[in-house]
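The sequence shown lines up with residues 1 to 465 when you count with UniProt numbering.
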Amino acid sequence: MFVLNDKVNIPLYIQLYQQFREKILSGDLKSGIKLPSSRKLSNDLNISRNTVDLAYNQLYSEGYIISRPRNGYYVENLDFSSINITKEISSKKPSSADIHDTLIQYDFKYGKLNPSELPIEQWRKLTNKCLKDFTDELTIYSPTFGEPSLREEILKYLQYYRGVKCSPEQIFIGSGVHYNLSMICQLIRNTTGTVAMEEPGHHITRLTLENHGFDVKPISLDLSGLNVKELSLTNAKAVYVTPSHQYPLGIIMPISRRLELIEWALKNDSVIIEDDYSCHLRYNTKPILSLQSLCSDRVIYIGSFSKFLFPTLRLSYMILPKGLINKFTKMFDGYPSSVPFIIQKTLELFMKEGYWESYLRKTNRIQKKKHDTLVEKLRKEFGDKINIYGMNAGLHLLVQIKGAMPEKELIERAYTEGVKVYPTSRYWKYPENRLKNTVVLGFGGIALDKIEPAVKLLKKAWSNS
C-alpha cells in the first residue's frame, strides 16, 4: 500500500521511492520479489509512468533493486543481519534534500558557476607562486582589515568602475558578505534596534540581522526601488539596500531615488548599507555609479568576489565611512583577518597582473549570452504566459507563470522532468505579499548549449498550468 500526498513539498517520485525503500529495509518487500510494472503502478496510484520510472531509477541507482532485461525490476538480495542498523536507517525519512540528484539533467541553482568558465589555471599558477615566494607571510596572521596591498588593488578597481571615494585604510576584507554584515551589526547595535530592508530581499540577510537581535522592518518596492516615504515612517536608523540590481527583482534605483535615500540618511543621522553584489555583471544597460560615490559619509559599501570568481573563496570587502573607522578599530583591535593570507595574496596578484579585468570582460560576454538566450527561449516557449523579472544584470531571473499552479507544484513538476528550479517565497518576510506562481532560475552554472533543452523540459512540465 502506497500513500502519496501532492500537498507537501516533496516530489511524488521521492515519496514513492521513500516508501519502497522503507519496505525493502524493513523486510516487507523480500529479496527477489518482482516489482509492479510502471504502467500497472501508475494506473493503480493514478500518477504518471514518468513518476514511477523516476522512483525505480533512484532505487536502482542506490542498489535496492536490480533490473532483469525484458523482465522488469526485482528486489536485490540484501543482508539484513544488522537489524538494529536497519531499523535506525528505516526510521529516518529523507527529505528531497537528502536524495542525491542523480536524475537532474539541468540545475538552475543561483550562486553556482560553471567550472569550465572559471580561471582555474591562472589561479593555480598564482597560488603556487605565493606558496613559493611568500613563505614567511604564511607563518603569521593577517592584520584585522586584511592585507594592505590587496586593499590598494581593490581600491583601484572600485574607484575606476564604481566611483567610490575612500582610502585603502577604510577597506575591510572579510569572509563573505554576511560575515561583513555581522561585523556591521556589532558596529551599529548601540545606535539602533531596528534595521530596514527591501521587501522582497535576500532571506539570509534578513536572518543575519534578526540573529543579531535587530527588528527588521520590510520596506516595499516600486518601480524605482525602495520606498523612501515608507522608510521615513519607521524608527530605523539603518537600511540595507541593493540599488544597482535589487535582489531578487532586479530593479535599478535611479539617481532621483538615490538622492532621496541619501537625504533621509542625512536628515535622520542614519546609515545606508549598500550591497553592490551584482555591480560586476551588466547586460544591455550601462551601470549607475555606486550610492557610496554620492555620499561616502553615510554609506557602508559591501562587495564580493565570491559570486563571480570562486564562491568557495568566501572573500568580500566593505568600505567604512571615515567616522566609523575609530569605533570599528577599537571594537575589533587584534582580530586577525578571517580570510587566509594565501587567498588574499593570490587575489592581489590576480588583480595586479590583469587577470581580474580580463576575466570580468570574458565573464560578462559569457553570462550575457546565457542571459539573452534564456530570456529568448522562455519567451519563445511560453509567450505571454509568463512574466520575467530581474533582467539585464546578475546571474538569475525570476519567472512567473500565469495560471493557478503554485510555486511548490512548479518546482515539483520541473523536478520530475529532470530540471531543478528554486522557490522565491522565502524572499518575503510576509509571504502573503509574495509574487505568486514564481520560481528562481539561476543561469551562472548552466552551459549555454543546455539552456534551450532545459527550457523545453520546463514547457513540458508546466504545459497544464
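We put the beta carbon where it would ideally sit given N, CA and C, even for glycine.
If you're wondering where the values come from, they're calculated on a predicted model, not measured in any experiment.
Using the Cα positions of residue i and residue j, report the straight-line distance between them to the nearest angstrom.
| i | j | result |
| --- | --- | --- |
| isoleucine 47 | isoleucine 411 | 17 angstroms |
| valine 440 | tyrosine 240 | 22 angstroms |
| valine 306 | leucine 457 | The sequence shown places serine at residue 306, not valine. If you take the alpha carbons of serine 306 and leucine 457, they lie about 30 angstroms apart. |
| glycine 201 | arginine 189 | 21 angstroms |
| isoleucine 66 | lysine 34 | 10 angstroms |
| proline 281 | leucine 360 | Looking at the sequence provided, one finds leucine at residue 281 rather than proline. Approximately 8 angstroms between the Cα atoms of the pair. |
| glutamate 198 | isoleucine 251 | 11 angstroms |
| arginine 21 | phenylalanine 108 | 28 angstroms |
| aspartate 275 | lysine 125 | 31 angstroms |
| tyrosine 73 | glutamine 58 | 12 angstroms |
| phenylalanine 350 | arginine 426 | 36 angstroms |
| phenylalanine 2 | asparagine 43 | 13 angstroms |
| leucine 78 | tyrosine 64 | 8 angstroms |
| aspartate 449 | arginine 365 | 15 angstroms |
| valine 339 | valine 455 | 39 angstroms |
| isoleucine 99 | asparagine 71 | Annotation note: pLDDT 46 at isoleucine 99 (below 50); position unreliable, coordinate value reported separately. In a straight line, the C-alpha of isoleucine 99 is about 27 angstroms away from that of asparagine 71. |
| histidine 212 | isoleucine 184 | 10 angstroms |
| leucine 347 | serine 167 | 19 angstroms |
| serine 278 | arginine 162 | 12 angstroms |
| histidine 245 | aspartate 384 | 24 angstroms |
| glutamine 18 | proline 11 | 11 angstroms |
| lysine 7 | aspartate 269 | 49 angstroms |
With distances taken between CB atoms, is the gap from residue i to residue j smaller than 8 angstroms?
| i | j | result |
| --- | --- | --- |
| tyrosine 106 | alanine 55 | no |
| threonine 191 | phenylalanine 214 | no |
| proline 218 | lysine 429 | yes |
| isoleucine 451 | leucine 374 | yes |
| threonine 208 | serine 182 | yes |
| leucine 113 | glycine 445 | yes |
| methionine 318 | glutamine 186 | no |
| isoleucine 262 | alanine 238 | no |
| leucine 226 | leucine 249 | no |
| glutamine 159 | isoleucine 325 | no |
| alanine 196 | leucine 231 | yes |
| tryptophan 264 | valine 228 | yes |
| leucine 45 | leucine 4 | yes |
Suppose the cutoff is 8 angstroms on Cβ atoms and the five residues either side in sequence are ignored; what does the same chain contact list for residue i look like?
| i | result |
| --- | --- |
| glutamine 344 | Ser142, Gly146, Glu147, Leu150, Ile173, Leu315 and Ser337 |
| aspartate 297 | Pro321, Lys322 and Gly323 |
| isoleucine 85 | Residue placement at isoleucine 85 is poorly supported in this model, since its pLDDT is 44, which falls under 50; the coordinates still yield a value, given next. Taken in chain order, the list of residues that qualify is empty. |
| leucine 266 | Cys295 and Arg298 |
| histidine 178 | Ile204, Thr205 and Thr208 |
| glycine 418 | Leu103, Ile104, Gln105, Tyr106 and Leu457 |
| histidine 371 | Tyr283, Met391, Asn392, Leu397 and Phe443 |
| glycine 334 | Thr144 |
| tyrosine 60 | Ile66, Ser67 and Tyr73 |
| serine 38 | Arg49, Val52, Asp53 and Tyr56 |
| residue 467 | What the structure shows of the chain is the stretch from 1 to 465, and residue 467 is not part of that stretch, so it cannot be assessed. |
Tell me which same chain residues have a C-beta within less than 7 angstroms of the C-beta of residue i, skipping the five on either side of it?
| i | result |
| --- | --- |
| proline 254 | Ser224 |
| arginine 258 | Pro243, Leu291 and Leu294 |
| tryptophan 110 | In the sequence on display, residue 110 carries tyrosine and not tryptophan. The answer, listed in chain order, is Leu395, His396, Tyr422, Val440 and Gly442. |
| asparagine 9 | Lys408 |
| proline 119 | Tyr355 and Tyr359 |
| lysine 352 | Glu153 |
| isoleucine 386 | Leu378, Val399, Gln400, Ile401 and Lys402 |
| asparagine 50 | Thr416 |
Contact check, residue i vs residue j under 8 angstroms by CB: the rounded distance?
| i | j | result |
| --- | --- | --- |
| lysine 459 | glutamate 381 | 4 angstroms |
| asparagine 392 | tyrosine 283 | 5 angstroms |
| glutamate 76 | serine 31 | 7 angstroms |
| leucine 398 | threonine 424 | 6 angstroms |
| threonine 127 | isoleucine 342 | 7 angstroms |
If you drop the 5 nearest sequence neighbours on each side, which residues of the same chain put their C-beta closer than 6 angstroms to that of residue i?
| i | result |
| --- | --- |
| residue 475 | Because residue 475 is not part of the residues shown, which for the chain are 1 to 465, the question remains open. |
| proline 431 | Ser425 |
| glutamate 117 | Ile366 |
| cysteine 130 | Ile342, Lys345 and Thr346 |
Can you name the residues that DSSP bridges to residue i?
| i | result |
| --- | --- |
| glutamine 400 | Asn387 and Thr438 |
| residue 532 | The structure shown does not extend to residue 532, since the chain spans only 1 to 465, so no value can be given for it. |
| serine 316 | Gly174 and Ser304 |
| aspartate 275 | Ile302 |
| proline 423 | Val439 |
| arginine 282 | Ala393 |
| valine 239 | Ala196 and Ile272 |
| glycine 72 | Arg68 |
| leucine 231 | BP columns for leucine 231 are empty, so no partner. |
| tyrosine 106 | Val419 |
| glycine 225 | Asp222 |
Kindly say whether residue i, judged by its beta-carbon, lies nearer than 8 angstroms to any beta-carbon of chain D.
| i | result |
| --- | --- |
| arginine 49 | Absence of chain D from the displayed structure is noted, only one protein chain being present. |
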